[in-house]
Amino acid sequence: MSADSQTTLLALSPLDGRYAGKVDALRPIFSEFGLIKARVKVEVEWLLALAAEPGIAELAPFSDAASARLRALADGLSVADAARVKEIERTTNHDVKAVEYLIKERLKDDAELGPALEFVHFACTSEDINNLSYALMLNQARQDVLLPKLDELIQKLRAMAHEHAALPMLSRTHGQTASPTTVGKELANVVARLQRQGETLAGAIMPGKINGAVGNYNAHVAAYPDIDWTAFSQRFVASLGLDWQPYTTQIEPHDGIAEVCDAQRRIDTICVDLCRDVWGYISLGYFKQAVKAGEVGSSTMPHKVNPIDFENAEGNFGIANALFEHFAAKLPISRWQRDLTDSTVLRALGTAFGHALIGFDALLRGLGKLSANPERLAADLDASWEVLAEAVQTVMRRYGLPNPYEQLKALTRGHGITEASMREFIASLELPAADKQRLLAMTPGSYTGLAERLAREI
3 MSADSQTTLL ALSPLDGRYA GKVDALRPIF SEFGLIKARV KVEVEWLLAL
53 AAEPGIAELA PFSDAASARL RALADGLSVA DAARVKEIER TTNHDVKAVE
103 YLIKERLKDD AELGPALEFV HFACTSEDIN NLSYALMLNQ ARQDVLLPKL
153 DELIQKLRAM AHEHAALPML SRTHGQTASP TTVGKELANV VARLQRQGET
203 LAGAIMPGKI NGAVGNYNAH VAAYPDIDWT AFSQRFVASL GLDWQPYTTQ
253 IEPHDGIAEV CDAQRRIDTI CVDLCRDVWG YISLGYFKQA VKAGEVGSST
303 MPHKVNPIDF ENAEGNFGIA NALFEHFAAK LPISRWQRDL TDSTVLRALG
353 TAFGHALIGF DALLRGLGKL SANPERLAAD LDASWEVLAE AVQTVMRRYG
403 LPNPYEQLKA LTRGHGITEA SMREFIASLE LPAADKQRLL AMTPGSYTGL
453 AERLAREI
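The opening residue of the sequence shown carries number 3 in the working numbering; numbering runs sequentially from there.
Here's what the structure looks like:
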């Protein structure tokens, strides 16, 4: 057995074991390496910003070459570099201080950058670096992984909605037969919901702050009282592509992270809703699933083709949402100016997004195996002529016929309604000839309103 296989088998989390290959896109972002790399970037950019400030006479502006060397340290940070940070941390017992020491270690022999050593982490509290690092990580995950995956799902569902726009299907409100729809329209409903929440996720602001130990620029002003530190802070945060948070305690209050988590949680919830509906439609025979060669549906029942992808997706979205709910409820709360309960919780962000990513992939895999079963759909419609009662009683209302709802209720409720009995009832009504003929020509499969048009317009 290879070392990699042993590592996978001994992993405590399925994200690093069974599902390790499915979350590779998130690993460089939310891993310990990803966090260290983000911290180095923030520290380097802060040093560069300080060097460009004319009011800091003791720090000479860096040459273009020196600036490039600094950025290369951040952009090219390797796993070995991160391992060195962890080695330093074993002495400091402080993860952010270890990052500061690594940067100083790398700069000490540089003729131009070496004299700037004491401006690394200048006037910063650890949370100045951490909040910006996590904000950058979340932005990267959102833009590079989550939104593209959501777009892939939306495009798949939209294609299915268009393909099946005209395919009639019996609705089942409260589990009972109800006015028909089309397969495409039901999928279009999901597309519309996901699009709206995707816009919310994409538009959620990601705040950041860099204002010292309790948010008042105490150390900054003590060292350089003539610099406009609030303006400096705003420019710096904006330069990272983040939204400046002017009022904080020691920590950025994490409301922005909570908003992103809530947006992703709503997306996951819509996906769970879809998984459960498709699961039910597979059970009814409305969809067939492609059989994969060699795949076993049941260890004892050879005939089974289980909807495992939708079940896997639902389970992973559920795990993700349990964490997202906790993040949104916990992270905006901190005792007085600072407590450390957020520190360990933030480290689990990647776990939540990892399970969401697995859910997306399982859902897409399941949708890719589906094919509609028109014969089964038609059979259910043909056995449900009672659903035309809505159409008939509504036309009766238009022309003022007495007690239309009550008449149809008496005809349909608790009785088996056939094509013949429904048409016999319609024929007995005193309606204009054209309307009567339109009702007589109607079938459960044709009574779908604007469903086809709505499905094609999504």
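All C-beta atoms, glycine included, are put in the ideal place defined by N, C-alpha and C.
In this text the structure is predicted, and so the values were computed from the model without any measurement.
Contacting residues, own chain, Cβ-Cβ under 6 Å from residue i (five flanking each side not counted)
i    : result
L369 : K158
P255 : P334
L14  : none
E102 : V122 and H123
S386 : L172, T179 and P446
L17  : V25 and G356
I259 : L333
Secondary structure of residue i, DSSP reduced to three states
i    : result
A82  : helix
D245 : strand
F289 : strand
M171 : strand
A354 : helix
S65  : coil
S373 : strand
G57  : coil
G210 : strand
I338 : With the sequence shown as reference, residue 338 is identified as Trp, and Ile is not the correct amino acid for it. Here W338 sits in coil by DSSP.
H166 : coil
P304 : Residue placement at P304 is poorly supported in this model, since its pLDDT is 49, which falls under 50; the coordinates are not used for a value here.
D384 : helix
V122 : coil
H256 : coil
K110 : coil
D26  : coil
T9   : helix
With 16 other Cβ atoms within 10 Å as the buried cut-off, status of residue i
i    : result
S301 : Only weak support exists for where S301 lies, its pLDDT of 48 falling under 50; the value from the coordinates is given anyway. Result: exposed.
P309 : buried
E107 : exposed
I335 : exposed
Y136 : buried
I360 : buried
H166 : buried
D111 : exposed
V81  : exposed
N405 : exposed
L342 : exposed
Sequence-distant residues of its chain with Cβ nearer than 8 Å to residue i (five each side left out)
i    : result
M139 : I31, F32, G36, L37, A40 and L351
D257 : P209 and P334
P434 : Y401
A22  : T10 and A13
Y226 : G57 and I58
N318 : H357, A358, I360, G361 and A364
CA-to-CA distance, residue j to residue i, given in whole angstroms
i    : j    : result
E34  : L383 : 56 Å
E188 : S241 : 44 Å
E114 : D26  : 38 Å
K294 : A364 : 15 Å
G200 : V87  : 37 Å
K411 : V394 : 11 Å
V147 : L28  : 7 Å
A358 : A322 : 6 Å
L79  : L244 : 22 Å
C263 : G320 : 13 Å
E313 : K43  : 40 Å
F64  : L119 : 13 Å
A190 : A453 : 9 Å
P304 : W281 : Low confidence applies here, because P304 scores a pLDDT of 49, under 50, leaving its location unreliable; read the following figure in that light. Computed Cα separation, rounded: 20 Å.
L325 : R195 : 22 Å
R237 : D66  : 20 Å
CB contact check: residue i to chain B, cutoff 8 Å
i    : result
P406 : No chain B is part of this structure, which consists of one protein chain only.
Cutoff 7 Å; reference residue i; Cβ partners in own chain excluding five residues on either side
i  : result
P1 : Because the chain here runs from 3 to 460, residue 1 falls outside it and cannot be looked at.
> What are the uninterrupted segments assigned as alpha helix (DSSP H) that are 4 or more residues long and contained completely in the region 179-208, given in chain order?
Replying inline: 185-205
>> Report the start-end ranges of each alpha helix (DSSP H) in the region 406-456 that is 4 residues or longer and not cut off at the edges.
In response: 406-414, 421-429 and 435-443
> Where are the alpha helix (DSSP H) runs, 4 residues long or more, that stay fully inside the region 211-236, in chain order?
Replying inline: 220-225
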